[in-house]
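J.:
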Amino acid sequence: MPMPASEIRLPNIAGPDLATAVEKAVAQAPVWDFHTHLYTPAFGTPMGRGVDHDPRGLMLWGIDELLTYHYLIAEVLREGAGEGLTPQRFYSLSKTEQADLIWRKLFVEATPLSEACRGVVTTLTRLGLDPGETTLDAYRKWFAEQSPDEQIDRVLEIAGVEKVTMTNDLFDGNERERWLADADLLRADSRFPTVLRFDALVTDWEHAVPRLQSWGYEVDQELSPRAIDEVRRMLEEWIARLRPVYCAMSLPPTWRFPGADEGARCLTDAILPACGEHGLPLALMIGVTRQINPEAKLAGDTVGAADVASVAHLCREFPHQRFLVTMLSRENQHELAVTARKFANLTPFGCWWFLNNPSLIDEITRMRLELLGPTFIPQHSDCRVLEQLIYKWDHSRRAIAAVLGDQYAKLADAGLPITDRMIERDAHRLLHGNVASLLSR
Ligand code: HDL
Ligand code: ZN
Numbered sequence: 043m044p045m046p047a048s049e050i051r052l053p054n055i056a057g058p059d060l061a062t063a064v065e066k067a068v069a070q071a072p073v074w075d076f077h078t079h080l081y082t083p084a085f086g087t088p089m090g091r092g093v094d095h096d097p098r099g100l101m102l103w104g105i106d107e108l109l110t111y112h113y114l115i116a117e118v119l120r121e122g123a124g125e126g127l128t129p130q131r132f133y134s135l136s137k138t139e140q141a142d143l144i145w146r147k148l149f150v151e152a153t154p155l156s157e158a159c160r161g162v163v164t165t166l167t168r169l170g171l172d173p174g175e176t177t178l179d180a181y182r183k184w185f186a187e188q189s190p191d192e193q194i195d196r197v198l199e200i201a202g203v204e205k206v207t208m209t210n211d212l213f214d215g216n217e218r219e220r221w222l223a224d225a226d227l228l229r230a231d232s233r234f235p236t237v238l239r240f241d242a243l244v245t246d247w248e249h250a251v252p253r254l255q256s257w258g259y260e261v262d263q264e265l266s267p268r269a270i271d272e273v274r275r276m277l278e279e280w281i282a283r284l285r286p287v288y289c290a291m292s293l294p295p296t297w298r299f300p301g302a303d304e305g306a307r308c309l310t311d312a313i314l315p316a317c318g319e320h321g322l323p324l325a326l327m328i329g330v331t332r333q334i335n336p337e338a339k340l341a342g343d344t345v346g347a348a349d350v351a352s353v354a355h356l357c358r359e360f361p362h363q364r365f366l367v368t369m370l371s372r373e374n375q376h377e378l379a380v381t382a383r384k385f386a387n388l389t390p391f392g393c394w395w396f397l398n399n400p401s402l403i404d405e406i407t408r409m410r411l412e413l414l415g416p417t418f419i420p421q422h423s424d425c426r427v428l429e430q431l432i433y434k435w436d437h438s439r440r441a442i443a444a445v446l447g448d449q450y451a452k453l454a455d456a457g458l459p460i461t462d463r464m465i466e467r468d469a470h471r472l473l474h475g476n477v478a479s480l481l482s483r
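Taking the working numbering, I'd label the letters of the sequence shown as residues 43 to 483.
(1) Quick check: what's the CA-CA separation for Glu-84 versus Met-208?
(2) Can you tell which of Cys-317, Ala-338 and Asp-343 has the C-alpha that lies nearest to the C-alpha of Gly-329?
(3) Out of Thr-381, Trp-395 and Asp-59, which has the shortest C-alpha to C-alpha gap to Met-409?
(4) Have a look at Leu-453 and Val-445 and give me their C-alpha separation to the nearest angstrom.
(5) Name the DSSP beta bridge partners of Trp-74, please?
(6) Should Thr-209 be counted as a contact of the ligand HDL given a C-beta to heavy atom distance under 8 Å?
(7) In chain order, what are the residues with a CB under 5 Å from some non-hydrogen atom of the ligand HDL?
(8) Nearest to Pro-293 by alpha carbon, out of Val-367, Val-64 and Leu-171?
(9) Do Thr-82 and Leu-228 have their beta-carbon atoms positioned less than 9 Å apart in this structure?
(10) Run the proximity test for Met-327: is its beta-carbon closer than 8 Å to any non-hydrogen atom belonging to the ligand ZN?
(11) Quick one: does the C-beta of His-112 sit closer than 8 Å to a heavy atom of the ligand ZN?
(12) From the DSSP output, in three-state form, read off Leu-324 for me.
(13) Please classify His-474: is it buried, with 16 or more other beta-carbons within 10 angstroms of its beta-carbon, or exposed?
(14) By how many angstroms is the C-alpha of Leu-472 removed from the C-alpha of Leu-80?
(15) Between the beta-carbon of Arg-307 and the beta-carbon of Ile-270, is there less than 9 Å?
(16) Any chance the CB of His-376 is under 8 Å from a heavy atom of the ligand ZN?
(17) DSSP state of His-470, grouped into three classes?
(18) Give a single yes or no on whether Arg-268 has its beta carbon closer than 8 Å to a heavy atom of the ligand SAH.
(19) Under 8 Å from any heavy atom of the ligand ZN, does the C-beta of His-77 make it?
(20) On a CA-only basis, which of Ala-116, Phe-234 and Ala-61 is nearest Leu-340? Give me that one, please.
Put into structure tokens, the structure is as follows:
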């Protein structure tokens, strides 16, 4: 009786057959992208034509948005510094002029060696375009012939992404207006689950107060019991409006728990009870120092080593709350993975922002796999522009496959036959299953 194909045992060696099988399985596994800043056309798009053109639209796509990604702005400010390029001068240019300058300085006059530059090359190639153009004319022509809905379908297909989890920021006035106008429309595309984001409640209570008051919530700087009730009321209203799959906030390296300030009390007395009542996981993105260089605007944030003991304390004090945590500093990664061994309600996720480079994805994923087995979320894309899904997942899949393949090879060397079914199961779990099960409990 021949063995079913799925049970065919690969040779018990770390040979090319095994690596090839892993690369194939990881390349083909569908992705649930846990954290992005992407939107559907319902949120408006600056690339729209005629009545669909919305200059304040939130859905970013196309070559000019790809090139004016804040990662590339940081890089062109370095490349152009010798010719007197300053942030002020750069931001005085139109979006089209900014993109032309970035293309010329980083892709034509220099070799696009950085990860963010190589990403644009990967994206253009996977879209069937020649990445070697000297001007943006041909790209602009091609993108102008696409529609946002067709482009979403095309990009999700090429990238192998099934779910694109959004970031819906309570304190973003543009987005807030759109939710108040037509929440049903903004929730309509099930491929784009919602996330309720509210950094300022914990990181900047002082400035959150007047905003909340202007929205009709009776809060105060002292965060009185009445104010706590009002924050709860607001969270209830926005959870009902967005129907989020989780709640999220980013935190600075200085964040500590427990804490005595209003932000700490807002977390323990309003946010966590609301998450608990609705069974919502809470995602914490820790270690960002905002605006170290304010002139650079969105490109002006940086990284700082944060306090993992605070994460441990939170997990211990709220054992029934699921916490998904990513930390921005390379130095925090080992301690975070060890802390996740101590608290099953803690799941590390992604190689965030300045860590989203193949060399660091390799290092961090290898460490997590050795310490946690398949019980973590190896990557999220953090995309801001639709087509970035193509390169961020192409590059991450390759890095993750290399790590996974090595681990299987060691297992095979240890005497365990590796099967296709194992590989496919694990690839699906790491790229989709762990997210789905954590968000559906
Ligand atoms: O706070 C966040 O969600 C960060 O990801 C920021 O949006 C940051 O600007 C970013 O896009 N990083 O990739
Ligand atoms: Zn982000």
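Even for Gly, the Cβ is constructed at its ideal location relative to N, Cα and C. Computed from a predicted model, the values in this text were never measured in an experiment.
T.: From the atom records:
(1) The sequence given here places Ala at residue 84; Glu does not occur at that position. Each residue's alpha carbon lies about 13 Å from the other.
(2) The shortest C-alpha separation from Gly-329 is found at Asp-343.
(3) Residue Thr-381 is the option with its Cα nearest to Met-409.
(4) Spanning the two alpha carbons is a distance of roughly 13 Å.
(5) According to the DSSP secondary-structure assignment, Trp-74 is paired through a beta bridge with Lys-205.
(6) Yes, Cβ of Thr-209 sits closer than 8 Å to a heavy atom of the ligand HDL.
(7) The filter returns Ser-292, Trp-395 and Asp-424, in chain order.
(8) In the sequence under discussion, the amino acid at residue 293 is Leu, which differs from the Pro named in the question. Checked all of Val-367, Val-64 and Leu-171; the closest Cα to Leu-293 is Val-367.
(9) Yes, these two residues count as a Cβ contact at 9 Å.
(10) For the ligand ZN, at least one heavy atom lies less than 8 Å from the Cβ of Met-327.
(11) No, since every heavy atom of the ligand ZN falls outside the 8 Å radius drawn around the Cβ of His-112.
(12) Under the three-state reduction of DSSP output, Leu-324 falls in the strand class.
(13) Classification of His-474: buried, given that the 10 Å Cβ count is 16 or more.
(14) Taking the straight line joining both Cα atoms gives about 21 Å.
(15) A contact, by the Cβ cut-off of 9 Å.
(16) For the ligand ZN, no non-hydrogen atom lies closer than 8 Å to the CB of His-376.
(17) If DSSP states are grouped into helix, strand and coil, His-470 belongs with the helices.
(18) The ligand SAH is absent from the structure shown, which contains only the ligand HDL and the ligand ZN.
(19) Checking the Cβ of His-77 against the ligand ZN gives yes.
(20) Of the candidates Ala-116, Phe-234 and Ala-61, the residue whose Cα lies closest to the Cα of Leu-340 is Ala-116.
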